[in-house]
Amino acid sequence: MQHRSPIKQGTRWLAMCLQQAGLDWYRQDFPLIGYLCKYLLAAWLALWLALKMEMDQPATALLTVVIVMHFRSGMVITKSYYRLIGTGIGILFSLLLVAWFAQDRFPFFIAAALWIGGCTAGSLVYRHFQSYGFVLAGYTLCIVGLPATLTPWHTFQIASTRMSEIGVGLLSATLVSELVLPQRLWENIQAVVRGKFRDFSLLLGSGTPVGLNQPFTKFMQDLYQLESFRSSAQFETDDARVHSGTINQLNMRFMAVSTTYVIFQRLLQRLQRRERQHEAQALRDLMQPLADAFLINGHPANSPRALADLQATVAAYQQAFPAAFNQQRQALSALLDARQLELDTGAELLQRLAAELAAYLQTYLWLVASPGKRQVASREFTAANVEMQIDWLPVMIAATRGAFTLLILAALWMSIDWPSGILAMTLGVITSTLFAGSPTPMATLRQFAAGVVLGIVLVYISNVFWLTAAHDYLMLCLVLAPAILLTAWLSARPATALVGAGLGIAYFLMIGFNQALGDNPVRYFNDSIALMIALGVSAMMFSLTDYAASPWARRRIARQLRGLVVEACLHTGMTAAVFEARARDLVQRSGDLHRPQVADSVGGVEALCATLEIGHSVIALRTVAGSLPLQAQRLLQHTLLLIAHNDKQPRPKNRQQLLQWLDHFLAWLQGGEYAQALSPASLQTLITQLHFIRLVIATEAPDHQASNLAQEVEHAA
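Letter 619 of the sequence shown, counting from 1, is numbered 1736 in the working numbering, and no numbers are missing.
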C-alpha cells in the first residue's frame, strides 16, 4: 500500500498534464487545424461543382474560395455578399463598354481607366467590406471586359460563365464556413470589448502620465476594429444584430472616455512642466479614488457583480466630488504661490470623466453582463455613427495611380500583341486598388510579391510533375491540396497574410487546367513574366505616388485638423461626438496609427490630441453661449473668431494676439463689471474652458512640441 501512493500521485499528475496539454492544444492549435480543413473542403467542393457543371475555368471558383475564406463565418458571408455585388456591377459595366467600344480599343481603355480610377477612389472613401466591393467592381472589368474585346460576340457567354464560376466559389465557401465548425464574430466582438475595458482599467488604475500616445493609438485601433466586426456580424447571428446599436453606443462612449482621460493626463504634464507641482498633486489626489475603484487587487473587474459594484462606486464618486474638491481647494489656498484656476480646470475635466465613465459602464454592462436579452433591440440610441473625414487629395492620387497602371499595361499589350497582357492588367489592377489604402504600400507590395513568386514556383511543379498524373477528380484534389493548405496556413497568420494572398492569387490564375488537364510551357513562362511585369509597374507607380510617406502629407493633415477646429468655432451645429469622430478618422486614414514608433506618426497623434483639446473646449463654450448676456456673447464670439484665425494661420503674431485677448477676457470674467450678470455655472465653464485653451495654445509652441515629440518617441521605442 505504501508503494501505491507515489504511483497514484504520478498517474494523477500525468493525467493533469495531459489534460492541460489537451486544453492548450484545443485552444491554440485546433482552431487553425479546423480552419485548414474547412479551407480545403470548401476548395474541393467548389472544384467538384465547377467540374460537374462543365465550367470553362474551374480555377476561377477555386480563386474565389481563396479570396473569401476567413476564420470567422461572419467575415466569409460579408465578403461573399460584397464580392457578389461588386462582381455584378463590374460585369454590367463590362457589357456596356464592350457594347460601346468593341470596335476601338483606345476609347475602351480610356473608359476602363476612368472606371478603375473611380473604383479605387471608392475603395478609399468607404470602410471595411464596402471598400472591398469597389475593388471587386474594378478588377472584374479585367476578368470579363478585356477577354470580351477579343471576341465581342461571346461577351454575354463570358460574363455569365465568370459569374457562375464566382457564384460557385462563394456558395462553397459560405456553406462550409456556416455548416462545418462555424466560428462566430460575436466571440471576437466580446473579446475586443472586454480587452478595451481591461486595458483602460489598467491605464486608469496605474495613472501613468507618460507615453500616452501609445495606449491612445491602441484604443483608436480597437475602436475601428470593433466597428469593422460590428458591420460584418450583421449577417451572422441574432445576438450580433440585436446588439448592433449597443456596440455602436459603446464605441462612441469609449471614444469620449479615452479622450477625456488623455486630455486630463496631458493637463497634468503641462502643470508639471510649468512647475505647478501642488496643483498637479491636488488633481491626482482628486482622481485617485476613481482610479482605485477600477482595479480589484490589481486586476480589472470582470464579473457582473464586480461591474455593478464599480458602477455604484463611480456614482458615489460623483456625489462626493464637490466635498473632496472643496477640501483640496482649501488646502491649496494656504499655499502662497498656488493658483486656484489650475485646480478648477482639472476638476471640471475630472467631473466630465466621471460622467462619461458612468455612461460607458452602463452600456458595457448591457453588452457583457446580460448579452442574451432580446429587449436590447428596442432600445433607441441617439449617438452618431463613426463619422468619416475624407481627404480628397490622396483619394485622387490613388485613383490616378490605378488608372495609369491600367493604361501602361494596356499600352504594352496593344503595342506588342502580348498573349498574357490581360493577366498582367488583371494583377496590376488588383494590386493598385487592393493596396491603395495601405499605410506602407511598398512594404505591402513586397510581401505580396513574395507570395506571387512562391505561387509561380509552385505552379511550375504542379503543371510539370503533378497535373500530368491527375486523371480523375480524386487525384486532382490531391494535386491541388498542397497549394491550398499552404495558402490557408500563410493567410491565417497576420505576419504572412499578404504572402498567402499573393500565393493563392498567382497559383490559381496560372494553374494549368480547365476542362482538360495539361502543361503548356510557353503559356506558363508568358504568364510568369506578365505577373512580374505587373508587380513592377505597380511598384513603380506606388513609389512615384506614395502620398503617405511624404513630409508635406503630415503638414496637410495638421492643417486639416486645425480646419476642424475652425469649423467648430464658426459653425454652431458641430457636436462633440461628430467633431471627435471626424478628427480620429482623418488620422486613422493617414496610417499614423500603424506606425507608433515613427516620429512623424507620433507627431500626427500629438496634433490630434491638441485638436481634440481645443475642439472640445470650443464646443463647451458654444454650449453655454446661449445663456449669456449679449455683451458676454459678443466677447465670446470674438474669442472664437481669434481661435479660428490662429488655427487658419498659426503664426507667432496670431498666437500672441490670441493669448493677450484670452488674458483680457479672463480678467474681465473674474472681476469685470459684467461678471455679476452671469450664473455661477456659466461663469465657471467660461473661465475654466478659456483658461484651458490658453494653456494648450501656450504650450503648443514649436519648442514645447519638439520636447513632447522626443519624449513620446523615446517611450514608444
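Quick reminder that beta carbons are idealized off the backbone N, C-alpha and C, glycines included.
- [ ] Return the bridge partner residues of Ile1413 from the DSSP annotation.
- [x] For the purposes of this step, residue 1413 is taken as residue 296 along the sequence shown, with counting starting at 1. In the DSSP output, where bridge partners are listed per residue, Ile1413 has His1416.
- [ ] For Ala1433, count neighbouring C-beta atoms within 10 Å of its own C-beta (all shown protein chains included) and say buried if the count is 16 or more, exposed if not.
- [x] For this step, residue 1433 is matched to residue 316 along the sequence shown. Exposed, since its Cβ has fewer than 16 Cβ neighbours within 10 Å.
- [ ] Would you mind stating whether Val1654 and Leu1526 have Cβ atoms separated by less than 9 Å?
- [x] Within the sequence shown, residue 1654 is the residue found at index 537, counting from 1. Within the sequence shown, residue 1526 is the residue found at index 409, counting from 1. The answer is yes: Cβ separation under 9 Å.
Task: Cβ distance (whole Å) where Thr1181 is taken to contact Leu1287 below 8 Å - done: Residue 1181 sits at position 64 when you count from the first residue of the sequence shown. Residue 1287 sits at position 170 when you count from the first residue of the sequence shown. Rounded, the Cβ-Cβ distance is 6 Å, consistent with contact.
Open item on the list: Against chain D, does Phe1809 count as a neighbour if the rule is that its beta carbon must be under 9 Å from one of theirs?
Closed with: In the structure shown, chain D cannot be found, because there is only a single protein chain.
- [ ] Could you check the C-alpha separation between Thr1805 and Leu1385 for me, to the nearest Å?
- [x] Numbered from its first residue, the sequence shown carries residue 1805 at position 688. Numbered from its first residue, the sequence shown carries residue 1385 at position 268. So the alpha carbons of these two residues sit roughly 15 Å apart.
Task: Enclosing alpha helix (DSSP H) for Ile1507 [first to last residue] - done: Position 390 of the sequence shown holds residue 1507. It is not in any alpha helix (DSSP H) - Ile1507 carries neither H nor E in the DSSP assignment.
- [ ] Could you tell me which uninterrupted alpha helix (DSSP H) segments, each at least 4 residues in length, are contained entirely in the region 1505 to 1550, listed from first to last along the chain?
- [x] 1509 to 1533
- [ ] May I ask you to report which of helix, strand or coil DSSP gives Asp1461?
- [x] Taking the first residue of the sequence shown as 1, we reach residue 1461 at position 344. Here Asp1461 sits in helix by DSSP.
TODO: Report yes or no: do three or more beta-carbon pairs, one from the region 1275 to 1290 and one from the region 1169 to 1181, lie closer than 8 Å?
DONE: yes
Task: Status (buried if at least 16 other CB within 10 Å, exposed otherwise) for Gln1443 - done: The count along the sequence shown starts at 1 and reaches residue 1443 at position 326. What sits at residue 1443 in the sequence shown is Asn, not Gln. By the 10 Å Cβ count, Asn1443 comes out exposed.
TODO: Determine contact between the region 1635 to 1647 and the region 1573 to 1583, defined as no fewer than three beta-carbon pairs at a distance below 8 Å.
DONE: yes
Task: Pairwise C-alpha distance: Arg1422 and Pro1406 - done: Within the sequence shown, residue 1406 is the residue found at index 289, counting from 1. Within the sequence shown, residue 1422 is the residue found at index 305, counting from 1. Rounded to the nearest angstrom, the two C-alpha atoms are 19 Å apart.
Task: Selection from Thr1662, Phe1223, Ala1784 that minimises the alpha carbon distance to Ile1514 - done: Residue mapping note: residue 1514 aligns to position 397 of the sequence shown, counting from 1. Closest option to Ile1514, Cα to Cα, is Thr1662.
- [ ] For Asp1173, name the three-state secondary structure that DSSP assigns.
- [x] Translated into positions along the sequence shown, residue 1173 becomes position 56. Three-state DSSP puts Asp1173 in coil, outside helix and strand.
Task: 9 Å Cβ cutoff met for Thr1652 and Leu1620 - done: Indexing the sequence shown from 1 puts residue 1652 at position 535. Indexing the sequence shown from 1 puts residue 1620 at position 503. One point to set straight first is that residue 1652 is Leu, not Thr, in the sequence displayed. Not closer than 9 Å, so no.
Open item on the list: For Arg1189 and Val1297, I'd like the C-alpha separation in whole angstroms.
Closed with: In the sequence shown, the residue the question calls residue 1189 occupies position 72. In the sequence shown, the residue the question calls residue 1297 occupies position 180. Rounded to whole angstroms, Arg1189 to Val1297 spans 11 Å at the Cα level.
TODO: State the Cα-Cα distance for the pair Glu1078 and Gly1322, rounded to the nearest angstrom.
DONE: No answer is possible for residue 1078: the residues shown for the chain start at 1118 and end at 1834.
- [ ] Quick one: measure Cβ to Cβ for Val1431 and Ala1471, integer angstroms, because I've assumed they're closer than 8 Å.
- [x] By 1-based counting over the sequence shown, the position of residue 1431 is 314. By 1-based counting over the sequence shown, the position of residue 1471 is 354. Correct: roughly 6 Å between the Cβ atoms.
Task: Cys1236: first and last residue of the uninterrupted alpha helix (DSSP H) it sits in - done: If you number the sequence shown from 1, residue 1236 lands on position 119. Residues 1222 to 1242.
- [ ] Report the rounded CA-to-CA distance for Met1186 versus Arg1244, giving the unit in angstroms.
- [x] Within the sequence shown, the letter at position 69 stands for residue 1186. Within the sequence shown, the letter at position 127 stands for residue 1244. Looking at the two C-alpha atoms, the distance is approximately 19 Å.
Task: Other residues of its chain near Phe1521: CB distance less than 8 Å, five sequence neighbours each side excluded - done: Sequence index remark: in the sequence shown, residue 1521 carries index 404 (1-based). Excluding sequence neighbours, Phe1521 sits near Ala1230, Met1658.
Task: Same chain, Cβ closer than 7 Å to Leu1412, five either side skipped, listed in chain order - done: Along the sequence shown, read from residue 1 onward, the residue named residue 1412 stands at position 295. Hits under 7 Å: Ser1318, Gly1322.
- [ ] Answer yes or no: do Leu1258 and Tyr1199 have a C-beta to C-beta separation smaller than 9 Å?
- [x] Within the sequence shown, residue 1258 is the residue found at index 141, counting from 1. Within the sequence shown, residue 1199 is the residue found at index 82, counting from 1. Not closer than 9 Å, so no.
Task: Whether Ser1645 touches Met1627 by CB criterion (9 Å) - done: If you number the sequence shown from 1, residue 1645 lands on position 528. If you number the sequence shown from 1, residue 1627 lands on position 510. Yes, they are a contact pair.
TODO: Count the C-beta pairs between the region 1291 to 1309 and the region 1331 to 1351 that are closer than 8 Å, then say yes if the count reaches three, no if not.
DONE: yes
TODO: Can you tell me which of the three DSSP states Leu1298 falls into?
DONE: The count along the sequence shown starts at 1 and reaches residue 1298 at position 181. Three-state result, Leu1298: coil.
Task: Neighbourhood of Pro1123 by C-beta distance below 6 Å, restricted to the same chain and skipping five residues each side - done: One-based indexing of the sequence shown puts residue 1123 at position 6. No residues qualify anywhere along the chain.
- [ ] Since I believe Leu1466 is in contact with Phe1381 (beta carbons under 8 Å), could you give me their beta-carbon distance rounded to a whole number of angstroms?
- [x] Here residue 1381 refers to the residue found at position 264 of the sequence shown. Here residue 1466 refers to the residue found at position 349 of the sequence shown. Indeed, because the Cβ distance is near 5 Å, the residues count as touching under 8 Å.
TODO: Using 10 angstroms around the beta-carbon of Arg1393, count the other beta-carbons present and answer buried if the total reaches 16, otherwise exposed.
DONE: Taking the sequence shown and counting its residues from 1, one reaches residue 1393 at position 276. Its Cβ being crowded by 16 or more others within 10 Å, Arg1393 is buried.
- [ ] For Ser1796, name the three-state secondary structure that DSSP assigns.
- [x] Along the sequence shown, one-based indexing puts residue 1796 at 679. Coil.
Task: Euclidean distance between Cα positions of Tyr1577 and Leu1597 - done: As a first step, residue 1577 must be located in the sequence shown, where it is residue number 460. As a first step, residue 1597 must be located in the sequence shown, where it is residue number 480. Using only the alpha carbons, I get a separation of about 13 Å.
TODO: Could you check what DSSP says for Ser1655 in three-state terms: helix, strand or coil?
DONE: Against the sequence shown, residue 1655 aligns to sequence position 538. Helix.
Task: Cβ-based neighbour list, Tyr1156, same chain, cut-off 7 Å, excluding 5 preceding and 5 following - done: As a first step, residue 1156 must be located in the sequence shown, where it is residue number 39. Excluding sequence neighbours, Tyr1156 sits near Met1186, Ile1601, Ala1605.
Task: Backbone secondary structure at Gln1748 - three-state DSSP - done: In the sequence shown, counting from the first residue as 1, residue 1748 sits at position 631. DSSP places Gln1748 in helix when its eight states are reduced to three.
- [ ] Classify His1187 as helix, strand or coil using the three-state DSSP reduction.
- [x] Translated into positions along the sequence shown, residue 1187 becomes position 70. DSSP places His1187 in coil when its eight states are reduced to three.
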